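J.: Residue numbers (this note's numbering), protein chains in the order written: chain A, 1 to 289; chain B, 290 to 457; chain C, 458 to 1246.
Glycine included, C-beta positions come from ideal geometry on N, C-alpha and C.
Since the structure is predicted, the reported quantities are computational estimates derived from the model, not experimental observations.
Sharing a structure here in structure tokens format.
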Amino acid sequence: MYPKPIERYFAPRNLEEALRLRAEYAAECALIAGGQSLLPRMKARLASHRTLIDLNHLENLTGIESVMDCVRIGALVRHRAAAADPRLRQTASALSDAAQAIGDLQVRNRGTVIGSLCEGEPASDIAPAAIALGAHLRLKHTVGERLVPVTALKSGVIDPREVATHLEFVTPTPGTFSAYLKVGRAAQDRPIIGVAALVVFDREGRSTRAVIVVGGVHPAPQLALRAAATVKDVLLTSRLLTTAGEAAAAEIATQDDTMASAQYRSQLIRSLVPQVLAQVLARFRQEAR
Amino acid sequence: MKREITITINDEVHTATVEHRYLLVDFIREIAGATGTHVGCGFEGRCGTCTVVVDGYAVKSCLMLAVQADGAKLLTIEGLARGEELHPLQAAFRDLHGLQCGFCTPGFLMTLYDFLKDPIDSEDAIRHAMSGVLCRCTGYVHIVAAVRQAIAVLAAMTPTERARWFPL
Amino acid sequence: MNAQKPWVGQSIKRKEDHRLLIGQGQYVADLTLPRMAVVGFVRSSHAHARIVRIEADAARALPGVLAVVTGQDTAHLGPILSDLSVPKLPGETKRPIFGPLPVDEVKYVGDLVAAVIAKDRYVLEDALDLVAVEYAPLPVVVDAEAALAAGAPLLYPEWGDNVVYHQHLQHGDTDTAFAAAAVVVKERFKGHRCGASPMEPRACLARYDAAEGLTVWLTTQRSHIKRHLLAAYFKIPDSKIRVIAPKDVGGGFGVKAPLYREEILICYLAMKYGRPIKWIETRQENLLNIGQERDQIHELELAVAVDGTILGLRDRMIANCGDARVPIYVSFAMPWLGMMYLPNGYVIPNVDIDLTCVVTNKAGLTPSRSFGSFTGRFAIDRIVDIAALRLGLDPLMMREKNCIKTFPYVTATGVNVDSGDFVGALKKLKAAIDYDAFRVEQQAARANGRYLGLGLSLGIEFSGLSSQILVPMERQPGFGVATIRFDANGQVQVAHGDQPQGQGHDTTISQVVADELGITPDDVYVISGDTQAAPFAAGTLASRMGGYTTSAAVMAARGLKPKLIAIARHLLQITADDSAFEFRAGAVRLVDSPQQQISLQRIAETALLAPTELPPGMEGGLDHTAHFEADTTGMHSCNVHAVTVEVFPDSGRFRILRYVAVDDAGRPINPTIVRGQLHGGIALGISNACLEEFVYTVDGEQLTRSLQEYLIASARDLPYIETHEHNVPTPHNPLGSKGKGEGPTGMVPGALGNALADALAPFGAPITEMPFTPERLWRLIEAARKVDD
């Protein structure tokens, strides 16, 4: 239950220093922000890093900002702050829901939104919500930076010389409503399924765009494209929501593991997708009043 | 491999040279000698009995390295009471039988300390706030009742009085 | 504080709490001694294998490592089990031969292989990683029925089979009963492997010096028994061992009752290496090795008359005992007691139960709250409902008809139920759960496509176990014991044998003694857990405090009263019968003229400091010890529970709407503490029934070795629990009080299982296995739907 010896520990005060250290130690080092996923792995000795770069003292990465037409969430924004932010709650509810759904109060105090994405765990709550919002991760290194869509994140995509500094997505247009729901075996458990849905409504209440993302059932989150198509360009009815659930269950690949079987996960897709869509619809109706 | 760090725990300053991998909970228990914070699980950080308040927020001290808390101010169970006067939360636990073996109690007190800064007075919200600490003895019913009493007692105070009970 | 109002029956605040609330608890992990080293264990990654070679050089060479110890080093210590530590029950028993460390063979994943001693726990873990073990795998068997089949791999080849214990218990005439039955219901019930792991894992600190001997601080429920067994094992006098369970032990629930190999080994290491050795179990070790129980199959048949009267019961019971290397219990004591309690609170005159306890390549079973009876209670409560359904009878009426009604009652298995009132409790339960209104609501809900259900359970809970049962079952006495001593300042010390792990024993005993002596609970202080200070007793088990130990405290106080009165009479220089005096407000005084009184403090000073002032011929001193053994083999409480649920068939998920318990505590000493025991016991039951499972693959790999996989219920996973009292004092002890704690847990699976079956009745989904996971329920519903199609 104790990590292997850690030779070097750095707590840089600014990003340049962090990037320089990252470039120097690259694959040998790990970045630690919240540490709520990394430390259990290190304590179980499933991961052992001889160098640790602690990002917690970096400035200018603790904010949720509007920059031009984008929302930018800094690398040190904790789940708690994301869940409580009124703008996210209003315009990007799925992300707000996901941040509130993770772990427990203590984990949410320390764990970061971006850290949760970088861990690349199949059972990430943040990933489906971020994908539904079309979010990108800003990755910086000593001589440049790039944006990577969250959909593309998997092991090996982030270069060991890069640091993820922001999660960014285009500010959702008025009429955009979203939600995220998860199911776990127990309250504190990782999700066996997490579904994020985002729908853009016109003034008449017709959906003009829909995105449904299913996570937790497979190594990577998946877009339920056919299901989304069933709820596009229509007025949403409960029968349609059920159809969307059926379509999603048919198109999304699921896996067996010790927590749940593939077959049961498919059933949960069938059952949960309509519930998430119903939540989105309820939010729209609430706002419309 | 080692580093000199300084951590303030319940207003007492502790300086020591520790290995980078040394856990914060061990610093609290061994170097500061504050054994009121407990360890009840292994690598997984799920039991919550190690929860303390770091710079105002409840965190699991087994999921932080001591070096990460260099310069930080901590509050642990030993720092809740003001002299002989128990924190309203401690008093509520005593009044309403919120503990049996006491092993998980530090985890609950420090997690709920955080929650009580801006509480929601509903059974659901309280159980939600408590879900990161596990108890095998009480079945949680009396703990929820204790939290509700603490909310009421704190709400009846003036802002100045209230602030005394949340130094961090 | 009103000195007139009895302390017994008042929910006074606990004396234990202040200390714990300010972080001043003293658990074993908090103790340090000079030159202390820490020990950890290399554990098997194979379910069954020969140990070919242990390479420890790299570990030994690590700076900070003091020693690596293997089975070769401890083989000379000899086998652990003796007549002192094996149950002596009717039936056929086999005895596993094993020492503190395996020499040749490991028998389950997590089994001990070697011990490493180091300066601190970080280096210790580095060293454990460096010990390389070469194994030669052996065939594995984890399923109990597979272990019984011909040709199964044998854990103990010298036995010729995998049966550690077998008993066939018959009473009455089941053949006739079954032939006469209108309906015979037969079902196969499976209880999964789960248990009562406390929040504080095991911990041990042992110190040895040649003059004093061994001092062992231990998270144990039974200091004296461990002391005696350790002394016998090491062939030293009991006087050379002192076992101390510290004031604070973080939960026991039976799991801290056995004598463990690790504890024996640590004592040996302290003696051999001449420095204090400390062990703090990690949660991973804990989940691999202990807290595993239940794991039973019941092929149960119930014979019922047309009017619902139960005529007889047959059960083929198979318990999966793991490797059974658990001293005192040998993992079969629990299933045995579960068998004895199978008829539970139902009148079943004819029984035929065949119990086979099987060894397999899993961790040995350790006692867990509801000791052996969790699965059996599930089975009997479920089969009663199934029989009711078959006959078209209401489940509540079925229980009203078949519950024990006249007391005392001896079950067909020989359990004596002294007192209780099921009929009254069921009436109270029916009102509390709004039974009739719920049925209406349930019908309406079904019409709207919603599935609500209600389930009941009924049970007897033992209030301690008498010597007649404990001596054969665990080689220990059942008596409660307390010694009362006055201090020279008039305060009262109570030393007793029932050390606490959170149950509030200090407060409870203080209340009882305060009433007897006319003082306040704060005038009393309580000692337990230290073999040097506490009287010899079996320790905390079987809900003994409220029935046995408090009774011993009462008897000890009453035993002292004649002397206290005699001294008071002498100091007052009057003549009067004992009956003319009363104990009130800290004094002994005349009932008819209270101003004629002598304070207990003065009496104590006289007896201890100025014995020349005592009545002529009277000995000095002021103490008395009493042993309490009830004049019956079994004091019991009679309890009933009800649960209502809503099930969502498209996902198998369900919500508990209400959980209601009607509970009998005889005469509750501290009603709030009793409620706390109910909440905690029921919470464990729900967590066991729904979330927890120790999972082994067919190759014996253990998949649930952290709290990420072994899911213990948090506050969000549990409902509010409602409790109502329906107390029937026992006539067999001075206060009429009954012990609490063990019982509530076993009431849960039947009530909850019945509620789920009731909710899913339109589908006819069978509820015969646990845990009640959503996926399992969904599959049962789907399977039932397919049958309909």
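Compare the Cα-Cα distances from residue 219 (chain A) to each of A:24, A:123, A:252 and report the closest residue.
T.: Out of A:24, A:123, A:252, A:123 has the C-alpha closest to the C-alpha of residue 219 (chain A).
J.: Return helix, strand or coil for residue 649 (chain C), following the three-state DSSP convention.
T.: In the structure shown, residue 649 (chain C) sits in a strand (DSSP, three-state: E or B).
J.: Using 10 angstroms around the beta-carbon of residue 63 (chain A), count the other beta-carbons present and answer buried if the total reaches 16, otherwise exposed.
T.: Classification for residue 63 (chain A): exposed.
J.: Using CA atoms only, rank isn't needed, just tell me which of B:295, B:405, B:349 is closest to residue 369 (chain B).
T.: Looking at the Cα atoms, B:405 is the closest of the given residues.
J.: Any idea what DSSP makes of residue 177 (chain A), helix, strand or coil?
T.: Three-state result, residue 177 (chain A): strand.
J.: Assuming residue 480 (chain C) and residue 306 (chain B) are in contact, meaning their beta carbons sit under 8 Å apart, how far apart are those beta carbons, in whole angstroms?
T.: Contact flag wrong, Cβ pair sits at about 26 Å.
J.: Where DSSP assigns a beta bridge to residue 292 (chain B), which residues make up the other side?
T.: Note: residue 292 (chain B) sits in a beta bridge opposite B:307.
J.: Give the secondary structure of residue 24 (chain A) by DSSP, where H, G and I count as helix, E and B as strand, and everything else as coil.
T.: The answer is helix: DSSP assigns residue 24 (chain A) an H, G or I state.
J.: Hey, out of C:709, C:788, C:1216, whose CA is closest to residue 930 (chain C)'s CA?
T.: Closest by alpha carbon: C:788.
J.: If you measure from the CB of residue 420 (chain B), is any heavy atom of the ligand FAD nearer than 7 Å?
T.: Summarising the ligand content, the structure contains no ligands, and the ligand FAD is consequently not present.
J.: Could you tell me which chain B residues have their CB closer than 9 Å to the CB of residue 963 (chain C), listed as they occur along the chain?
T.: Within 9 Å Cβ-Cβ: nothing; residue 963 (chain C) doesn't reach chain B, min ~12 Å.
J.: Quick check: the Cα distance between residue 241 (chain A) and residue 278 (chain A), rounded to an integer number of angstroms?
T.: Taking the straight line from one Cα to the other gives about 7 Å.
J.: Would you mind stating whether residue 993 (chain C) and residue 954 (chain C) have Cβ atoms separated by less than 8 Å?
T.: For residue 993 (chain C) and residue 954 (chain C), yes; Cβs fall inside 8 Å.
J.: Would residue 844 (chain C) be called buried (16 or more neighbouring beta carbons within 10 Å of its own) or exposed?
T.: So residue 844 (chain C) counts as buried.
J.: On the DSSP bridge assignment, give the partners of residue 1086 (chain C) in chain order.
T.: Answer is none; residue 1086 (chain C) lacks a bridge partner.
J.: Kindly provide the ranges of any beta strand (DSSP E) runs that are 3 or more residues long and lie completely inside the stretch 299-368 of chain B, ordered along the chain.
T.: Correct list: 301-308, 340-343, 346-349, 362-364.
J.: Give every residue of the same chain whose Cβ lies closer than 6 Å to the Cβ of residue 493 (chain C), excluding the five residues on either side of it in the sequence, and list them in chain order.
T.: 733, 735, listed in sequence order.
J.: Taking just the CA atoms, how far does residue 1017 (chain C) sit from residue 616 (chain C)?
T.: Cα-Cα distance, rounded: 54 Å.
J.: What number of angstroms, rounded off, separates the C-alpha of residue 981 (chain C) from the C-alpha of residue 792 (chain C)?
T.: Looking at the two C-alpha atoms, the distance is approximately 40 Å.
J.: Would residue 675 (chain C) and residue 488 (chain C) be called neighbours here (beta carbons separated by less than 8 Å)?
T.: In this structure, residue 488 (chain C) does not lie closer than 8 Å to residue 675 (chain C) by Cβ.
J.: Would you kindly report the start and end of the unbroken beta strand (DSSP E) that includes residue 433 (chain C)?
T.: Because chain C here runs from 458 to 1246, residue 433 (chain C) falls outside it and cannot be looked at.
J.: Taking all protein chains shown into account, decide if residue 68 (chain A) is buried (16 or more other Cβ within 10 angstroms of its Cβ) or exposed.
T.: Residue 68 (chain A) comes out exposed.
J.: Reducing DSSP to helix, strand and coil, say where residue 1093 (chain C) ends up.
T.: Three-state result, residue 1093 (chain C): strand.
J.: Touch check for the stretch 69-89 of chain A and the stretch 314-332 of chain B: three-plus C-beta pairs under 8 Å?
T.: At 8 Å Cβ cutoff, the stretches do not touch.
J.: In whole angstroms, give me the CA-to-CA distance for residue 670 (chain C) and residue 432 (chain B).
T.: About 43 Å.
J.: Which one or two residues does DSSP pair with residue 128 (chain A) in a beta bridge?
T.: Paired residues: none, contrary to the question.
J.: When you compare only the Cα positions, how much space is there between residue 1098 (chain C) and residue 1135 (chain C)?
T.: So the alpha carbons of these two residues sit roughly 11 Å apart.
J.: If I follow the unbroken beta strand (DSSP E) through residue 149 (chain A), where does it start and stop?
T.: Unbroken beta strand (DSSP E) run through residue 149 (chain A): 144-149.
J.: Take residue 933 (chain C) as the anchor and find which of C:602, C:1206, C:1230, C:680 has the nearest alpha-carbon.
T.: Residue 933 (chain C) has its Cα closest to that of C:680, out of C:602, C:1206, C:1230, C:680.
J.: Could you tell me the alpha carbon to alpha carbon distance between residue 945 (chain C) and residue 956 (chain C), rounded to whole angstroms?
T.: Roughly 25 Å between the two C-alpha positions.
J.: Can you confirm whether the stretch 416-429 of chain B touches the stretch 642-656 of chain C when touching is taken to mean that 3 or more C-beta pairs between the two stretches lie within less than 8 Å?
T.: Yes, the stretch 642-656 of chain C touches the stretch 416-429 of chain B.
J.: Can you check DSSP and say which residues form a bridge with residue 222 (chain A)?
T.: BP columns for residue 222 (chain A) point to A:214.
J.: Say whether chain C places a C-beta atom closer than 8 Å to the C-beta of residue 366 (chain B).
T.: It does; some Cβ of chain C falls within 8 Å.
J.: Of all the options C:1083, C:1108, C:786, C:822, which has the alpha carbon lying nearest to the alpha carbon of residue 543 (chain C)?
T.: For residue 543 (chain C), the nearest C-alpha among the options comes from C:786.
J.: Once you ignore the five residues that flank residue 554 (chain C) on each side, which residues in its own chain have a CB closer than 6 Å to its CB?
T.: Only 536 meet the Cβ criterion.
J.: Nearest-angstrom Cα distance between residue 948 (chain C) and residue 1065 (chain C)?
T.: Spanning the two alpha carbons is a distance of roughly 12 Å.
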